[in-house]
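*Asks:* I'd like to ask some things about the structure below.
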Amino acid sequence: MYHIGSYIRGGAIIYRLDPRIKLAAVIVLSIVILAAKPLPSVFLGLALIILAFFSGIRLRTIAQAVKPLLFFIVLIFFVHALFTEGNAFLSITCFGLSLSRAGLSAGFLVTWQFLCLILAAVLLTMTSPPAQIIAAIKYYLYPLKLLRVPVDVIAVMIMLALRMMPVLLSEKERIEIAQRARGYNEKKSGFILRIKAFLSLTAAVLLGVFRRADELAVAMEARNYQQDTRTSFVELRMVSTDFIALFFLSVFFFIFIALNYCFG
Amino acid sequence: MISINNIYYRYEQEGIDALCGVSLEIQEGEHLSLIGPNGCGKTTLIQHLNALILPRQGKVIIDGLNTSDTENHIQIRSRVGMVFQNPENQIIGMTVEEDVAFGPENLQLPTAAIKERVAEALERVGILELAKRNVEHLSGGEKRLVAIAGVLAMRPRYIAFDEPTAFLDPAAAKRILKIIDKLNTENVGIIHITHNMDEAAMASRVVVINEGRVSMEGDPQDIFGKVDLLQEMGMQLPQVTELLIRLKLDGFPVRTDIVAMEDATEQIKLLVKTR
Ligand SMILES: Nc1ncnc2c1ncn2[C@@H]1O[C@H](COP(=O)(O)OP(=O)(O)OP(=O)(O)O)[C@@H](O)[C@H]1O
Ligand SMILES: [Mg+2]
Numbered sequence: 184m185y186h187i188g189s190y191i192r193g194g195a196i197i198y199r200l201d202p203r204i205k206l207a208a209v210i211v212l213s214i215v216i217l218a219a220k221p222l223p224s225v226f227l228g229l230a231l232i233i234l235a236f237f238s239g240i241r242l243r244t245i246a247q248a249v250k251p252l253l254f255f256i257v258l259i260f261f262v263h264a265l266f267t268e269g270n271a272f273l274s275i276t277c278f279g280l281s282l283s284r285a286g287l288s289a290g291f292l293v294t295w296q297f298l299c300l301i302l303a304a305v306l307l308t309m310t311s312p313p314a315q316i317i318a319a320i321k322y323y324l325y326p327l328k329l330l331r332v333p334v335d336v337i338a339v340m341i342m343l344a345l346r347m348m349p350v351l352l353s354e355k356e357r358i359e360i361a362q363r364a365r366g367y368n369e370k371k372s373g374f375i376l377r378i379k380a381f382l383s384l385t386a387a388v389l390l391g392v393f394r395r396a397d398e399l400a401v402a403m404e405a406r407n408y409q410q411d412t413r414t415s416f417v418e419l420r421m422v423s424t425d426f427i428a429l430f431f432l433s434v435f436f437f438i439f440i441a442l443n444y445c446f447g
Numbered sequence: 005m006i007s008i009n010n011i012y013y014r015y016e017q018e019g020i021d022a023l024c025g026v027s028l029e030i031q032e033g034e035h036l037s038l039i040g041p042n043g044c045g046k047t048t049l050i051q052h053l054n055a056l057i058l059p060r061q062g063k064v065i066i067d068g069l070n071t072s073d074t075e076n077h078i079q080i081r082s083r084v085g086m087v088f089q090n091p092e093n094q095i096i097g098m099t100v101e102e103d104v105a106f107g108p109e110n111l112q113l114p115t116a117a118i119k120e121r122v123a124e125a126l127e128r129v130g131i132l133e134l135a136k137r138n139v140e141h142l143s144g145g146e147k148r149l150v151a152i153a154g155v156l157a158m159r160p161r162y163i164a165f166d167e168p169t170a171f172l173d174p175a176a177a178k179r180i181l182k183i184i185d186k187l188n189t190e191n192v193g194i195i196h197i198t199h200n201m202d203e204a205a206m207a208s209r210v211v212v213i214n215e216g217r218v219s220m221e222g223d224p225q226d227i228f229g230k231v232d233l234l235q236e237m238g239m240q241l242p243q244v245t246e247l248l249i250r251l252k253l254d255g256f257p258v259r260t261d262i263v264a265m266e267d268a269t270e271q272i273k274l275l276v277k278t279r
């Protein structure tokens, strides 16, 4: 099972880039894409696809990671398609909704942009070990330390959140299997029974996760975790490839913004 | 030296008295096994060794450091490593090397030193090739090895293992036992909880815990010679000892104070030759 946040080993150049550059690129991308026009968006998406191709990660793996978000993607599409004003060519009278050309293109555009964002995030997390991403976040948050923001604690919290995510999922699966083993059948059950099963599933998952978290806390203490400063195993150092990448990224975003301006 | 001096421990919420006056000394470089029926207090006892829990009464001294003094905790936890029963709940990092680095990071070592320790620890348990792997995708046996490496990276003088071979297949279990044995030859003190009597017999000293107390203590031959007492507690014997006892009951002249496979083989060879 791969999900967003999974790291997958590989040897492509993108793996060796300084995580600070990758993280900054994703952040810049997520800002500029909000204002992007259609053509530049396509340009950006294609660039990401090329990047994905050269990362050596298989399409299937990426698809697997994106799949849980499918619902949101479809939702985003329909919300934009149905609620954008324009000349309706199809109206669903009973709900008072209508589809228009403008709506459809807005739907496609926003969905495409959202997909770009997901792809960028997936590429970042699949090609950088979590510790590196955390080190990069810590680096950018570092100035906040002067304001007494507990940056080290935040970094450990992110690490634990990443660690607990698969635990949560597997706990859920385990309990669902247990429910089925005791004769619960989702398809044949009525509404009330399904709600009940859902509630007991939620309670059980939460209890299980709290117990795990408790044990994890003890294990952390046993390995000398204190809340103050920790050093890091990850060493962030820019080498020539990083500077080259930084240069190309700047050029890329510059072209992107210029395109966006010209084709507006 | 670890010295446990007449300690009492109670789980307050449930009102369970888990330890009722345990005293024990563990020398540096010793290999000690802790055995006893379920719920007798073994896990509770070893959690005292690195100050995860503190005795209600009595004291635990690690190389002269009292666990009741919070100031000592960092030093104590660097000296005594703890390999918990379930590796799942003690792996903190997402990748193998990140997890192994967790302890040294807490010790605030510089990056180069952390890297060196991580590589060394992975090497010692023989999983250097797993360094970059995501821990979620490891087998149970591999996770157990990662947990051990995480402890080794702190370079402890003593390591407490809580049922390190539970749920492993024989090959994986053997691998862990080999690592424990090797650590011991490198003068790391081992405290080894187990329900497997063949494993317990590997130690130089066996301590039997029952109902929160030390009920017997001695070398493996001694302890496994007290068949009646062990059976009273519902405990078994090492398989070879049991085999020899049965032979003896059937009238064959064999020694029964034997716990190791090699010695038992000798006894049986002797038996065959004399017939
Ligand atoms: N966290 C806890 N809260 C309350 N009671 C506990 C807790 N942990 C253990 N106990 C109780 O304390 C007693 C000793 O437990 P402990 O886990 O030390 O036994 P053990 O010898 O390790 O057993 P096992 O061989 O089953 O692992 C048991 O009666 C147990 O129910
Ligand atoms: Mg136990």
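Quick mapping for you: the protein sequence lines, in order, are chains A and B.
The numbering of the first sequence is my numbering, which starts it at 184 and goes up by one.
The numbering of the second sequence is my numbering, which starts it at 5 and goes up by one.
Note that CB positions come from ideal geometry on N, CA and C, so glycine has one too.
The structure presented is a predicted model; accordingly, all values stated were derived computationally and were not measured.
Please determine whether the Cβ atom of ASP166/B lies at a distance below 7 Å from any heavy atom of ligand 2.
*Replies:* Within the cutoff, so yes.
*Asks:* Give a yes or no on whether 8 Å exceeds the smallest Cβ distance from GLN94/B to chain A.
*Replies:* At least one CB atom of chain A sits nearer than 8 Å to the CB of GLN94/B.
*Asks:* Starting from ARG243/A, find everything on chain B with Cβ-Cβ shorter than 7 Å and list it in chain order.
*Replies:* Result: empty, since nearest Cβ-Cβ is about 16 Å, beyond 7 Å.
*Asks:* Let me make sure I understand the geometry here. Which of LEU247/B, GLN225/B, ARG137/B has the alpha-carbon closest to that of ILE262/B?
*Replies:* GLN225/B
*Asks:* If I'm right that GLY193/B touches CYS24/B with Cβ under 8 Å, what's the distance once you round it to whole angstroms?
*Replies:* Not confirmed; about 25 Å, so no contact.
*Asks:* Just grab the DSSP bridge partners of HIS35/B for me.
*Replies:* Under DSSP, HIS35/B forms a beta bridge with ILE194/B.
*Asks:* From GLU418/A to GLU120/B, what distance separates their C-alpha atoms?
*Replies:* 13 Å
*Asks:* Report yes or no: is there a C-beta of chain A within less than 8 Å of the C-beta of ILE118/B?
*Replies:* yes
*Asks:* In chain A, which residues lie with their C-beta within 7 Å of the C-beta of PHE88/B?
*Replies:* ALA402
*Asks:* For ALA164/B, does the three-state DSSP call read helix, strand or coil?
*Replies:* strand
*Asks:* For LYS355/A, name the three-state secondary structure that DSSP assigns.
*Replies:* LYS355/A falls in the helix class under three-state DSSP.
*Asks:* Provide the residue span of the beta strand (DSSP E) that contains ARG217/B, from first to last.
*Replies:* 217-222
*Asks:* Against chain A, does LYS136/B count as a neighbour if the rule is that its beta carbon must be under 8 Å from one of theirs?
*Replies:* At a cut-off of 8 Å between C-beta atoms, LYS136/B counts as an interface residue with respect to chain A.
*Asks:* Looking at ALA164/B and ILE50/B, is the spacing between their C-beta atoms short of 8 Å?
*Replies:* Yes, these two residues count as a Cβ contact at 8 Å.
*Asks:* Between which two residues does the alpha helix (DSSP H) holding LYS328/A run?
*Replies:* First-last for LYS328/A: undefined, no H or E at that position.
*Asks:* For LEU307/A, would you say it is in contact with chain B, using Cβ-to-Cβ distances shorter than 8 Å as the test?
*Replies:* It does not: the Cβ of LEU307/A has no partner Cβ on chain B nearer than 8 Å.
*Asks:* Helix, strand or coil, according to DSSP, for LEU253/A in the structure here?
*Replies:* helix
*Asks:* Is the Cβ-Cβ distance between ALA402/A and GLN94/B less than 8 Å?
*Replies:* yes
*Asks:* Give the residues of chain A in contact with LEU56/B, contact being defined as C-beta atoms less than 8 Å apart.
*Replies:* VAL401, GLU404, ALA405
*Asks:* Just to make sure I have the definition right: I need the residues of chain B whose C-beta is within less than 7 Å of the C-beta of TYR190/A. Which are they?
*Replies:* MET98, THR99, ASN138
*Asks:* Suppose you measure from the CA of CYS44/B to the CA of MET347/A; what does that come to, to the nearest Å?
*Replies:* 31 Å
*Asks:* Are the CB atoms of THR82/B and PRO174/B nearer to each other than 8 Å?
*Replies:* Thr is not the amino acid found at residue 82/B; the sequence shown has Ser there. No, the Cβ-Cβ distance between SER82/B and PRO174/B is not below 8 Å.
*Asks:* Based on Cα-Cα distance, which residue from GLU190/B, ILE118/B, SER143/B, ILE131/B lies nearest to ALA157/B?
*Replies:* ILE118/B
*Asks:* Could you please give me the residues that DSSP links to LYS63/B through a beta bridge?
*Replies:* LYS63/B is bridged to ASN9/B.
*Asks:* At a threshold of 7 Å, does GLN89/B count as lining ligand 4 (C-beta to nearest heavy atom)?
*Replies:* Absence of ligand 4 from the depicted structure is noted, with ligand 1 and ligand 2 being the only ligands included.
*Asks:* With distance defined between alpha-carbon atoms, name the residue in ASP425/A, THR412/A, SER353/A, GLY373/A nearest to LYS205/A.
*Replies:* ASP425/A
*Asks:* To the nearest angstrom, how far is it from the Cα of ASP73/B to the Cα of ILE66/B?
*Replies:* Approximately 11 Å, taken between the alpha carbons.
*Asks:* Can you give me the Cβ contacts of GLU109/B inside the same chain, cut-off strictly under 8 Å, excluding the 5 residues immediately before and after it?
*Replies:* ILE118
*Asks:* Using a threshold of 7 Å, is the CB atom of GLU18/B nearer than that to any non-hydrogen atom of ligand 1?
*Replies:* yes
*Asks:* Considering Cα atoms alone, identify which of SER281/A, ASN407/A, ILE216/A, ARG394/A is closest to VAL350/A.
*Replies:* ARG394/A
*Asks:* Can you tell me which residues form a DSSP beta bridge with ARG4/B?
*Replies:* Nothing about residue 4/B can be reported from this structure: the residues present for chain B run from 5 to 279 only.
*Asks:* In chain B, which residues lie less than 8 Å from GLN409/A when you measure between Cβ atoms?
*Replies:* ILE78, ASN110
*Asks:* Closest to LYS328/A by CA distance: which of THR412/A, ARG192/A, LYS370/A, SER433/A is it?
*Replies:* THR412/A
*Asks:* Chain B beta carbons: is any one of them nearer than 8 Å to that of ALA195/A?
*Replies:* Interface flag for ALA195/A against chain B is unset, since no Cβ pair is found closer than 8 Å.
*Asks:* Give the DSSP-derived three-state secondary structure of TYR15/B in the structure shown.
*Replies:* strand
*Asks:* Could you pull out every residue in the same chain whose Cβ sits closer than 6 Å to the Cβ of LEU222/A, ignoring the five residues on either side in sequence?
*Replies:* PHE446
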